[in-house]
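Numbering (the working numbering), first residue to last: 117 to 199.
Written out as structure tokens, the structure reads:
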């Protein structure tokens with residue numbers, strides 16, 4: 117269990133070392149670039165998913181006409197036997 121605790125700590129330490137080497141302006145530029153990449157990736161995912169859903173629905177939707185229900189006439193003899 118301690119190994120699983122050490123791995124994120126080491127990753128965090130390396131990221132902090134890399135970020136401390138950057139100037140404040142470089143940090144802002146890096147943040148804006150990463151935000152833009154994640155934003156575009158999320159828009160692409162949403163648009164692609166919506167397109168795929170619409171594409172599938174268009175193929176499977178078929179118009180069915182409503183037909184009148186046939187009237188079933190009960191057999192009078194069968195009804196009398198039940199009583």
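In this text, a Cβ means the ideal position worked out from N, Cα and C, and glycines have one as well.
Within-8 Å CB hit, residue i to chain D
i, result
"residue 143", "Of the protein chains in this structure there is only one, and it is not chain D."
Under the three-state DSSP convention, the category residue i falls into
i, result
"residue 131", "helix"
"residue 123", "helix"
"residue 186", "coil"
"residue 139", "coil"
Beta-carbon proximity check, residue i vs residue j, cutoff 8 Å
i, j, result
"residue 146", "residue 138", "yes"
"residue 135", "residue 143", "yes"
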